[in-house]
Amino acid sequence: MTIEEIETYCLQLFNSTLRISIPLLFAALGGFFSERSGVINIALEGLMLVGAFASAAIAYFTHSPWLGALGGALIASFFALFYGVFVIYFRANQIVAGVALNMLAFGLIPLIAKVLFDVTGSSPGLSIEDRFQIMPVVLIILLIVFIHFWFQKSSFGLWAKFAGEHPMALHSAGISVFRVRLFSVWLSGILAGLGGMSLSIFLSSAYSRNMTAGRGFMALAALVFGKWKPLPTVFACLLFGFVDALQIQLQGIVLWGAEPVPVQLIQILPYVITILVLSGFVGNARPPSALGLPFTKS
Amino acid sequence: MFIKKILIIIQPVLAICMGLFIGLMIAYGLGENPWSVLKILVNGAFGSTHDLASTLFYTTPLIFTGLSVTIAFQCGLFNIGAEGQLLSGAFAATTVGILFANLGSPLAPFIAICASFIGGALWGFFAGYLKAKRGSHEVINTIMLNFIAVGITSWLTLYVFPNRGTQNPETQEIAAQFRVPSLFLTEHATVNFSFFLALLVAVLTWFFLWKTVLGYKLRATGQNITAARLSGISVNQMQILAMVLAGGVAGLVGVAEILGQAGKFRIGFSPEYGFMGIAVSLLGRNKPLGVVLSALLFGALHKGTMNLDLETENITRDLSLVFEALIILSVTAEGLWSYILERRK
Chain A
3 MTIEEIETYC LQLFNSTLRI SIPLLFAALG GFFSERSGVI NIALEGLMLV GAFASAAIAY
63 FTHSPWLGAL GGALIASFFA LFYGVFVIYF RANQIVAGVA LNMLAFGLIP LIAKVLFDVT
123 GSSPGLSIED RFQIMPVVLI ILLIVFIHFW FQKSSFGLWA KFAGEHPMAL HSAGISVFRV
183 RLFSVWLSGI LAGLGGMSLS IFLSSAYSRN MTAGRGFMAL AALVFGKWKP LPTVFACLLF
243 GFVDALQIQL QGIVLWGAEP VPVQLIQILP YVITILVLSG FVGNARPPSA LGLPFTKS
Chain B
21 MFIKKILIII QPVLAICMGL FIGLMIAYGL GENPWSVLKI LVNGAFGSTH DLASTLFYTT
81 PLIFTGLSVT IAFQCGLFNI GAEGQLLSGA FAATTVGILF ANLGSPLAPF IAICASFIGG
141 ALWGFFAGYL KAKRGSHEVI NTIMLNFIAV GITSWLTLYV FPNRGTQNPE TQEIAAQFRV
201 PSLFLTEHAT VNFSFFLALL VAVLTWFFLW KTVLGYKLRA TGQNITAARL SGISVNQMQI
261 LAMVLAGGVA GLVGVAEILG QAGKFRIGFS PEYGFMGIAV SLLGRNKPLG VVLSALLFGA
321 LHKGTMNLDL ETENITRDLS LVFEALIILS VTAEGLWSYI LERRK
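Those protein sequences? They're chains A and B, same order as listed. Residues 3 to 300 in the numbering used here are what the first sequence spells out, letter by letter. Residues 21 to 365 in the numbering used here are what the second sequence spells out, letter by letter.
So this is what it looks like as structure tokens:
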């Protein structure tokens, strides 16, 4: 390879890293609110899928990506509220209920797609005017900056921290732990929905079956890697995005012998890296003390 | 106290009714008559000997994955990775069946069954080891391992043992002597040996967890990890052991699918048996007997909803996932049940 070729190659890689990281960033910020307030959110995966489908469907019918994004985020947030009521008010086990919510999303979406489009697997392709070109990038940058300061400085940020670390203290101060957690879970639904939206109407041109492919879980892993802090989480997402971009760039490239490396083996790269990162480099990350524990007043 | 005891029994039944009711209402919302949907479900699952055999066929893997989730859960771990473990186990059985095609021993099926177990156990071991030694959370790790298992088994299927005679993404057939026997209910309807193996494993799991010292230590770790550690139990070893056993039992799905049914590894053969196992285990209250019963229910739901594709206009077999999700949510909503209990008093 010449210098110019390497240069274009790196530029491409950089470019696609940024693009691919965007759904992860949205979802990880969503997971951030939920987990800091004490609610594990395995349901991120399903919420992203709901967001992806709803955004694509609404953008298809209204020919407006803006309405699609808004609708997708709201519908995903309704699902999140449903999840929140079960785990916060009914004290359902958060991992089990999260798995159930994912199943609900995976089952319900094909049924609705069948009624709307008469196929279960995907939504019809969107034309270029009905999609976003740059908006999600701008939005995520604004959101990162906003969330970073908002969580530090606002009273809600403090409440959410207490709900996750010491809910009884928050309760004694006269603030409803239930409401703080429910609002955080609702926010995580909005953000996960936007993450799904960026998959279906920004990075591609339609919803397709299981298009999230574990990104919701990877967002959670990024959160652990980022030690439940916003900015380190952003860098963790960029790392996972980089590995995913690398994976796509590597497809079809001959590394050794005559055959290109099989696509099935390259595709597992992000998942392998996630495991390695979680087991090797996290060190003594301390999750919020009350993470996963349902709150009872007595 | 008495009310509590009754509630333990009727709560799963109520949860099933609630899940089915809401699921049928969703079907109604999508434009179907709920009564006829229910009839299709029951007919599809139990309508004929053939249907019954199919129901039992789907029940078998669910018993294995349900037990797998149960074993891990009794040790305080969430095994979301049964899907990857069963793929690994199934592929191990396939590999043995293809590589040792000349083996003439009458023990051949037994060797392949062991291979299934070991394949799954290996996949479970990774998650258990990472949890015990590196402290990384088993939920995310097992989910990642699922994706890795899909990638690796697909690659092995397409590049290492491909079936050259067909366009289907599947391996060559395993040698005939490795197959486990089928039991014919009628001419076409078969249940294979693996169903009885599943029942046997359920009994063994119960015996191991509740009647042996090792099982007691494993459950003690799950009940209170600090107390277990202080009383001298090596909780790290227990966590690894639990995941190895959980993985091995999930791997036995390979017996049902590869040795009993298809005779080859087909990419995508599992309709998420691993995730359904979580529902099965939970509804069965994480006890082997409960797992067998709820596996039967979910097997019936799975078989019954298949007929929806053909017999209804608007809804498809995806409804089974909705039913499962709703049943899990109904079972797990502890606060809802104690609220009902308080009202009754």
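Positions of the beta carbon are idealized from the N, C-alpha and C atoms, including for glycine.
{"Asked": "Gly86 (chain B) versus Ser290 (chain B) - alpha carbon distance", "Found": "14 angstroms"}
{"Asked": "Three-state secondary structure (DSSP) of Val279 (chain A)", "Found": "helix"}
{"Asked": "Assigned exposure category for Ile348 (chain B) - 16 Cβ within 10 Å defines buried", "Found": "buried"}
{"Asked": "Backbone secondary structure at Thr191 (chain B) - three-state DSSP", "Found": "strand"}
{"Asked": "Cutoff 8 angstroms: Val33 (chain B) Cβ touching any chain A Cβ", "Found": "no"}
{"Asked": "Candidates B:Gly96, B:Phe137 and B:Leu224, of which the one nearest Val116 (chain B) by Cα", "Found": "B:Phe137"}
{"Asked": "Listed by chain order, chain B residues near Lys116 (chain A) by CB distance under 9 angstroms", "Found": "Leu50, Asn334, Ile335, Thr336 and Asp338"}
{"Asked": "Any chain A beta carbon closer than 8 angstroms to Ala65 (chain B)", "Found": "no"}
{"Asked": "Alpha helix (DSSP H) runs wholly inside the region 235-277 of chain B, at least 4 long, in chain order", "Found": "245-250 and 255-271"}
{"Asked": "Best match in B:Gly294, B:Phe318 and B:Glu292 for proximity to Leu303 (chain B) [C-alpha to C-alpha]", "Found": "B:Phe318"}
{"Asked": "Leu203 (chain B) - partner residues in DSSP beta bridges", "Found": "B:Val211"}
{"Asked": "Pro182 (chain B) - DSSP class collapsed to helix/strand/coil", "Found": "strand"}
{"Asked": "Contact belief for Ile111 (chain A) with Phe34 (chain A) at Cβ below 8 angstroms, rounded distance in angstroms", "Found": "Not a contact, Cβ separation roughly 25 angstroms."}
{"Asked": "Beta carbon proximity, Thr352 (chain B) to chain A, threshold 8 angstroms", "Found": "yes"}
{"Asked": "Touch test, the region 42-60 of chain A against the region 189-197 of chain A, Cβ-Cβ under 8 angstroms, three pairs minimum", "Found": "yes"}
{"Asked": "Through-space distance from Glu331 (chain B) to Lys59 (chain B), alpha-carbon basis", "Found": "11 angstroms"}
{"Asked": "Inter-residue spacing [alpha-carbon to alpha-carbon] between Leu279 (chain B) and Ser108 (chain B)", "Found": "14 angstroms"}
{"Asked": "Neighbour list for Leu107 (chain B) in chain A, Cβ cutoff strictly below 7 angstroms", "Found": "The contacting residues do not exist; Leu107 (chain B) stays about 13 angstroms from chain A at best."}
{"Asked": "Residue-chain proximity (Gly171 (chain B), chain A), Cβ-Cβ < 8 angstroms", "Found": "yes"}
{"Asked": "Same chain, Cβ closer than 6 angstroms to Gly310 (chain B), five either side skipped, listed in chain order", "Found": "Gly304"}
{"Asked": "Range covered by the alpha helix (DSSP H) that runs through Asp71 (chain B)", "Found": "Thr69 to Gln94"}
{"Asked": "Proximal chain B residues relative to Gly216 (chain A), where beta-carbon distance stays under 7 angstroms", "Found": "Ile163 and Phe167"}
{"Asked": "Closest Cα partner of Ile275 (chain A) within the set B:Leu44, B:Phe93 and B:Leu165", "Found": "B:Leu165"}
{"Asked": "Whole-angstrom C-beta distance between Ala270 (chain B) and Leu238 (chain B), which should lie under 8 angstroms", "Found": "About 17 angstroms separates the two Cβ atoms, so there is no contact after all."}
{"Asked": "Rounded distance between the beta-carbons of Leu76 (chain B) and Val273 (chain B), thought under 8 angstroms", "Found": "Contact doesn't hold; Cβ gap of about 14 angstroms is too wide."}
{"Asked": "Alpha-carbon to alpha-carbon, Leu72 (chain B) and Phe66 (chain B)", "Found": "5 angstroms"}
{"Asked": "Cβ-Cβ distance between Gly267 (chain B) and Gly64 (chain B) below 8 angstroms", "Found": "no"}
{"Asked": "Test item: CB-CB of Ala292 (chain A) and Gly127 (chain A) under 8 angstroms", "Found": "no"}
{"Asked": "Trp143 (chain B) at chain A interface by Cβ criterion, 8 angstroms", "Found": "no"}
{"Asked": "Residue span of the alpha helix (DSSP H) that contains Asp246 (chain A), given as start and end", "Found": "Pro232 to Leu252"}
{"Asked": "Residue interval of the alpha helix (DSSP H) (run including Gln105 (chain B))", "Found": "Ala102 to Leu119"}
{"Asked": "Range covered by the alpha helix (DSSP H) that runs through Gln154 (chain A)", "Found": "Met137 to Lys155"}
{"Asked": "Beta carbon of Ala353 (chain B) nearer than 8 angstroms to that of Phe88 (chain A)", "Found": "yes"}
{"Asked": "Inter-residue spacing [alpha-carbon to alpha-carbon] between Ala208 (chain A) and Ala59 (chain A)", "Found": "8 angstroms"}
{"Asked": "Below-8 angstroms beta-carbon distance, His322 (chain B) vs any chain A residue", "Found": "no"}
{"Asked": "Chain B within 8 angstroms of Leu212 (chain A), Cβ atoms only", "Found": "Contrary to the premise, residue 212 (chain A) reads as Asn rather than Leu in this sequence. No - not a single Cβ of chain B is within 8 angstroms of the one on Asn212 (chain A)."}
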